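Okay, structure first, notes after.
Residue numbers (our numbering): 4 to 133.
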């Protein structure tokens, strides 16, 4: 299209109000995708039409400060934060994260071994042949 559309005007337009009213009558949950927070000039605009928000953050791009600021803006607007989603996360490039990584390095330290794989399990001994 031509020109830019004000998100505030779109969200508060009579057509959007009617559409959301019909959706609320027919559906249990309505998800509205919005632009990233830096492009959304006022979180209160979205909060006026949403019952709650879920913040979506991109690993390696969204800073902790930016995520906290976004959550704070919604809190100030009185919009509940249901949770967060972390997109584009690669566990292979995040060192030391998760259950396996923690415990494998723990046992490696105490065993003095540089390998992280356990030895093959041995069959139980048969007391009748010993």
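The beta carbon of each residue, even a glycine, is placed where N, CA and C say it ideally should be. Just so we're clear, the structure is a prediction, and the values are computed from it rather than from any experiment.
DSSP state of residue i, grouped into three classes?
{"i": "residue 35", "result": "coil"}
{"i": "residue 12", "result": "helix"}
{"i": "residue 50", "result": "helix"}
{"i": "residue 18", "result": "helix"}
Compute the beta-carbon to beta-carbon distance between residue i and residue j, rounded to the nearest angstrom, for a pair I have assumed lies under 8 Å.
{"i": "residue 49", "j": "residue 13", "result": "11 Å between Cβ atoms; not a contact."}
{"i": "residue 59", "j": "residue 32", "result": "Not really, about 16 Å apart at Cβ, beyond 8 Å."}
{"i": "residue 62", "j": "residue 92", "result": "4 Å"}
Name the DSSP beta bridge partners of residue i, please?
{"i": "residue 60", "result": "89"}
{"i": "residue 23", "result": "In the DSSP output, where bridge partners are listed per residue, residue 23 has none listed."}
{"i": "residue 71", "result": "Answer is none; residue 71 lacks a bridge partner."}
Consider the Cβ of residue i: report whether some Cβ of chain B lies at a distance smaller than 8 Å.
{"i": "residue 85", "result": "No chain B is present in this structure, which holds just one protein chain."}
query: Would the stretch 54-63 and the stretch 76-83 be scored as touching if the rule is three or more Cβ pairs under 8 Å?
result: The stretch 54-63, when compared against the stretch 76-83, does touch it at the 8 Å Cβ threshold.
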